[in-house]
Every structure is written in C-alpha cells, then in structure tokens.
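Notes for the one structure printed next.
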Amino acid sequence: MPMYSACYSNDDFSVSGYFRSFTDYKTMNVTEYIKDINISKDEPKEPIRRPAEHEAAWIRLNVGGKIFTTTRQTLTRDCPSFLQKLCEDGSMTSHKDDSGAYLIDRDPEYFGPVLNYLRHGKLVINPGISEEGVLEEAEFYNLPTLSTMINERIQERKKIICDAACEKAVRSVYRVLQCHQDELTNVVSAMGDGWKIVQVLPNGHFNFSADGQQEYLCIVVRDFPETNPVENVNTDRAQHIQQRSRSQSASHFT
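Count along the sequence shown from 1, then add 742; that gives the number in this note's numbering.
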C-alpha cells in the first residue's frame, strides 16, 4: 500500500489534471468553432448576379398587353427602325411596365409576323390575319423591306382573284365572214387578235359570185371577259347562219 500511494504522490503527472486539461482544450475548440459559425452567419451574403451581357441580350416588349421576349440582335437586324432605336441608341424614350418590358400601344396580332420577319427574314402570316393589317405595322416600325414584301403578296392575291373571276365571266362573240374562194386562204392566214375559225361553209348549193367563184361563210369566234367592252355583235344571228349553212351543206351531199 505505501508503494502504491508513493507512486501517485511522487509523480508530477496528475490523472485528474490531465482530464481537466483535456476538457478545457475540447471546450476551447468547440467555443472557437461556434464563434466562427456565428461570425459567418452575421456576414452579409452577396446575391448571385447574372452577367451584365446576358441581361442586356434579352428584351421584353409589352405590345398591346401581350408580352414578347426576343433578343437585342433580332430587333436591330433591320436598321434604322423604330425597334432598333428603342433598344439600342437611346434616342427614343418609352415607358415600361412593372416587369420592365417596353410598352408599345399596337395590335399584338399583327406584331407577331413583324417579329418573325426580324428573326428569320421571311414573311409568314397565319390564316385569318389581314395582310393589310401587317402592312400597317411594318410601316409603323419603319421596315421598308417588309412593306415591299407584303405589298407584293397583296398584289399577287388580287391578281389571283381577278384571274379567277375573269375565267368564270367569259362571253363568246361570233362573227360571220363572207368571202370568195380565192380569198379564203388569205382570210384564214389573217386570223389573229384572239379570233379563231370555227367552221368554213359554202354559201348555198350553187351560190356563185358575178365572176363565177364560189362564196363561203367563215364562222369565227373570240372570247371576251364580261368586264371588258365588246363590240356589239349579233351573236344569235351568226349562230343561226352557221346552223343554216350546215343544213344546206348536209342536204347538198344527200
């Protein structure tokens, strides 16, 4: 027992002191760790920002209450124009809505084809949208190339409608030409200006002129649109003469 007691009393190392020192060390480390956490919490965090060039590349337009999102490059493709001045050179002031979109008091239905033209350079108009309405928008935004494309399409549409109407409204005008046998060849070769030979018939059984030549009836026809002025020709009389000549010719060979 004395030796056991001496072992602990003579040694400078103390078990209780060791554990006390270790506990103080652990407490100090935990305290410093918590302190670091509190400091990091108190530091203000900087918000994550997008690159400025990315924000400037996209533009929002509020056209008549409808939002269109596009790029600055698209709006500046056809210069100079209203949209190019609006978003690039700053020479034109415009109000913005709560979301930061430019306010433009125009019809959004007609703005869609204008924006698509700036995107790909083609004129695309959905069925039911007036070409004249899109033309008004193209002129408002000062896009002369687009205005020319729309005008050409309008003229093409009108031509198709007019041609279709003219094909339906056609009047055939007949004429009867009386000529001698030696004149028949010249009459046939002189046909022109839309006139066509329908039939050549002898005028009666033995109807000769004073010089002894056979007389012929040459039936010609030409188609006229109803909208064009036509010379007043008795078409019914010409057709009657044609039928009479056919009857006489048929009886001659029976």
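Note that the Cβ used here is the ideal one computed from N, Cα and C, for glycine as well.
Item: 8 Å contact criterion, which Tyr1003 and Phe824 should meet: CB distance rounded; Value: Look at the range of the chain in this structure, 743 to 996, and you will see that residue 1003 is not part of it.
Item: Where Cys883 falls: helix, strand or coil (DSSP); Value: The sequence given here places Tyr at residue 883; Cys does not occur at that position. Here Tyr883 sits in coil by DSSP.
Item: Proximity below 7 Å, CB of Val918 to CB of Leu885; Value: no
Item: Under 7 Å between C-beta atoms of Trp800 and Thr813; Value: yes
Item: Arg899 (DSSP reduced to helix, strand or coil); Value: helix
Item: Reference Pro967, options Lys910, Val805, Val942 and Lys838, closest by Cα; Value: Lys910
Item: Opening and closing residue of the alpha helix (DSSP H) in which Asn858 lies; Value: Pro850 to His862
Item: Cut-off 7 Å between Cβ atoms - residues of its own chain near Asp839, not counting five sequence neighbours on either side; Value: Asn804 and Leu845
Item: Continuous beta strand (DSSP E) stretch holding Val805: start and end; Value: Trp800 to Val805
Item: Close Cβ partners of Glu878 (< 8 Å) along its chain, the five nearest in sequence each way excluded; Value: Tyr852
Item: Reference His922; option with closest CA among Val930, Tyr916 and Val915; Value: Val930
Item: First through last residue of the alpha helix (DSSP H) which encompasses Thr927; Value: Leu926 to Ser931
Item: Among Leu828, Asp820 and Arg848, the one whose alpha carbon lies nearest that of His862; Value: Asp820
Item: Range covered by the beta strand (DSSP E) that runs through Leu845; Value: Tyr844 to Ile846
Item: Spatial neighbours of Glu973 in its chain, beta-carbon cut-off 8 Å, leaving aside the 5 residues before and after; Value: For Glu973, the predicted structure reports a pLDDT of 48, less than 50, and the residue's modelled location is therefore unreliable. The matter cannot be settled from this model.
Item: Continuous alpha helix (DSSP H) stretch holding Arg814: start and end; Value: Arg814 to Leu817
Item: For Leu825, three-class secondary structure by DSSP; Value: helix
Item: Distance CB(Pro850)-CB(Ile867) smaller than 7 Å; Value: no
Item: Distance between Cys829 and Thr835 (C-alpha atoms, nearest Å); Value: 10 Å
Item: Proximity of Leu860 and Thr816 at Cβ, strictly below 7 Å; Value: yes
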